[in-house]
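Here the structure is laid out as structure tokens; the discussion comes afterwards.
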Amino acid sequence: MKISKIMNQPENYKRLGINPNKLEPWEDGIRGTDAAGQAEIWYLDCSFDDGSTLVLGTRTKSAAQQNKKGYNPNIAINYTKQGEPTFFDYRLYQDSQVSISQQTCDLKFGPNYLVGEDFTHYNFHVEPELDQEIVMEGKKSVQHKSKIDLHFDAETKPFRPGTGYITFGNVETYYNFICVTRLKVSGTILIDGEQKAVSGSAYYNHQWSNISPTVAFHHWLWGRQNIGKYSVLIYDMVASQQFGLTQIPLFTIDDDQGNRLLEITDEKNVKIEMLDTYVQQATNKEYPSDIRYTFSKGDILVTYEIMQPTEINTIDIYGLADDKQKQQFDAIQQQPTYTR
């Protein structure tokens, strides 16, 4: 049976030219191509002190474009105030308007940019643009008056599971993941007619792959949380049936001094208890409403329980697919959805 696994052996680092001892700036530059199946995203997730959230995705391709050759560079802006619907501002660019460095995180999409410095500092800037209708992931975006100036300072060291490569069936099919689990964010935003200074905490990741997540994974659970002086990342992935339903659990705990207290990348160190579930109205799918993880490594034992999640956004990937894509999903018995 084909399996999935983290590439973390000495020969893997050597073959891929990756330093096993530290992340290097080039790893935050562009890694993929415009080939069919490939896609890449630089992702920032902000939780502001006033309770609002802002998700920023700078992408070489939209989800609908991944299995096609050619880029459709875009920026996804999702802003949510407490108790209010999410506001979407999607931007779409021509290849000629975009430059992305191979040496470091330096992305320019029209007048907008994301610039990083060795996984320690990031600056994100977006200018207002003319209104037009853009639809991505089933969400309509018409107003593009958003203006964003944000600065990010890492409060933890970056996390790369092994080489960052998780393979599916063979070493040529992969999903790659690097992140910074906690950053301090500050700056100003003008979104949906609201202008304000903001501060708070944030999370960053850089992902690229040559396989669609809906094909690679049966399901995954991702979350981040600041608990007193500790910051937690959980990314519990389960490969699709064709790749053995292999569990790939990622879990980290860092303290407020930036020290990594625990790092889990092996299912042997994890116990999962599904304590309660609910049925999502939009998709009629069953989701956990109470799930408990127990992580052990050496003399460290950690219990982490997630209860009563609140849904912010749901994307019915299967429902949005065209007939050809639905046939492909039907062939592998999948009806994928995404919930945040």
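Heads up, the sequence shown is in full-length UniProt numbering, so the first residue is 1 and it goes up one at a time.
We treat Cβ as the ideally placed atom computed from N, Cα and C, and that holds for glycine.
DSSP state of residue 63 mapped onto helix, strand, coil: Mapped onto the sequence shown, residue 63 falls at position 63. Residue state for residue 63 is assigned as helix, using DSSP reduced to three classes.
Cβ pair count under 8 Å reaching 3, the segment 206-218 against the segment 322-337: Yes, they touch.
Cβ-based neighbour list, residue 290, same chain, cut-off 6 Å, excluding 5 preceding and 5 following: Here residue 290 refers to the residue found at position 290 when the sequence shown is read from its first residue. These residues qualify, in order along the chain: 275, 276, 307.
Residue 179 - partner residues in DSSP beta bridges: Locating residue 179 in the sequence shown gives position 179, where the first residue counts as 1. Its beta-bridge partners are 159, 205.
Three-way DSSP call (helix, strand, coil) for residue 74 in this model: In the sequence shown, residue 74 corresponds to position 74, counting from 1. If DSSP states are grouped into helix, strand and coil, residue 74 belongs with the strands.
Neighbour-count burial assignment, residue 50, 16 or more Cβ in a 10 Å radius: Start at 1 with the first residue of the sequence shown, and residue 50 comes out as number 50. It counts as exposed.
Contacts around residue 130, its chain only, beta-carbon distance under 8 Å, and the 5 residues preceding and following it disregarded: Taking the first residue of the sequence shown as position 1, residue 130 is located at position 130. In chain order, 144 place their CB closer than 8 Å to the CB of residue 130, counting only its own chain and leaving out the 5 sequence neighbours on each side.
Beta-carbon proximity list for residue 206, same chain, < 7 Å, skipping 5 on both sides: For the purposes of this step, residue 206 is identified with residue 206 of the sequence shown, where counting begins at 1. So the list reads 28, 42, 178, once near-sequence residues are dropped.
Counterpart residues of residue 301 in DSSP-defined beta bridges: One-based indexing of the sequence shown puts residue 301 at position 301. Paired residue(s): 296.
Buried/exposed call for residue 38, threshold 16 Cβ in 10 Å: As a first step, residue 38 must be located in the sequence shown, where it is residue number 38. Around the CB of residue 38, 16 or more other CB atoms lie within 10 Å, so the residue is classed as buried.
Exposure label - residue 75; buried when at least 16 CB within 10 Å: Within the sequence shown, numbered from 1, the residue matching residue 75 stands at position 75. Flag for residue 75 reads buried.
Top-ranked residue by Cα proximity to residue 288, from 294, 280, 295: Indexing the sequence shown from 1 puts residue 288 at position 288. Shortest Cα-Cα distance from residue 288 to any of 294, 280, 295 involves 280.
C-beta contact flag for residue 78 and residue 55 at 8 Å: The residue given as residue 78 occupies position 78 in the sequence shown. The residue given as residue 55 occupies position 55 in the sequence shown. Yes. Within cutoff.
Sheet register partners of residue 317 (DSSP bridge): Against the sequence shown, residue 317 aligns to sequence position 317. Bridge partners of residue 317 according to DSSP: none are assigned.
Residue 25 in three-state terms, based on DSSP: Here residue 25 corresponds to residue number 25 of the sequence shown, with the count starting at 1. DSSP places residue 25 in helix when its eight states are reduced to three.
Reference residue 202, options 225, 309, 127, 293, closest by Cα: Start at 1 with the first residue of the sequence shown, and residue 202 comes out as number 202. Cα-wise, what sits closest to residue 202 is 225.
Proximity below 8 Å, CB of residue 146 to CB of residue 115: As a first step, residue 146 must be located in the sequence shown, where it is residue number 146. As a first step, residue 115 must be located in the sequence shown, where it is residue number 115. Result no, Cβ atoms of residue 146 and residue 115 do not sit closer than 8 Å.
Extent of the continuous alpha helix (DSSP H) to which residue 14 belongs: Taking the sequence shown and counting its residues from 1, one reaches residue 14 at position 14. For residue 14, the enclosing alpha helix (DSSP H) begins and ends at 10-16.
Range of the contiguous alpha helix (DSSP H) that encloses residue 213: Counting from 1 along the sequence shown, the entry for residue 213 is found at position 213. Start and end: 213-216.
Inter-residue Cα distance where the pair is residue 162 and residue 222: Counted from its first residue, the sequence shown places residue 162 at position 162. Counted from its first residue, the sequence shown places residue 222 at position 222. The alpha-carbon atoms of residue 162 and residue 222 are separated by roughly 19 Å.
Secondary structure of residue 239, DSSP reduced to three states: As a working mapping, residue 239 is identified with position 239 in the sequence shown. When secondary structure is reduced to three states using DSSP, residue 239 falls in the strand class.
The segment 116-123 / the segment 79-86 touching (three or more Cβ pairs under 8 Å): Verdict: no, contact absent.
Among 140, 282, 168, 182, nearest to residue 158 - alpha-carbon criterion: Taking the first residue of the sequence shown as 1, we reach residue 158 at position 158. That would be 182, whose Cα lies nearest to the Cα of residue 158.
Under the three-state DSSP convention, the category residue 267 falls into: Walking along the sequence shown from the start, residue 267 turns up at place 267. Reduced to three states, the DSSP call for residue 267 is helix.
Residue interval of the beta strand (DSSP E) (run including residue 247): Here residue 247 refers to the residue found at position 247 of the sequence shown. Per DSSP, residue 247 is one residue of the beta strand (DSSP E) stretching across 247-254.
Three-state class that DSSP yields for residue 324 in the structure shown: Residue numbering aside, residue 324 sits at position 324 when the sequence shown is read from its first letter. Residue 324 falls in the helix class under three-state DSSP.
Among 80, 263, 66, 11, the one whose alpha carbon lies nearest that of residue 300: Along the sequence shown, one-based indexing puts residue 300 at 300. With distances taken between CA atoms, residue 300 lies nearest to 263 out of 80, 263, 66, 11.
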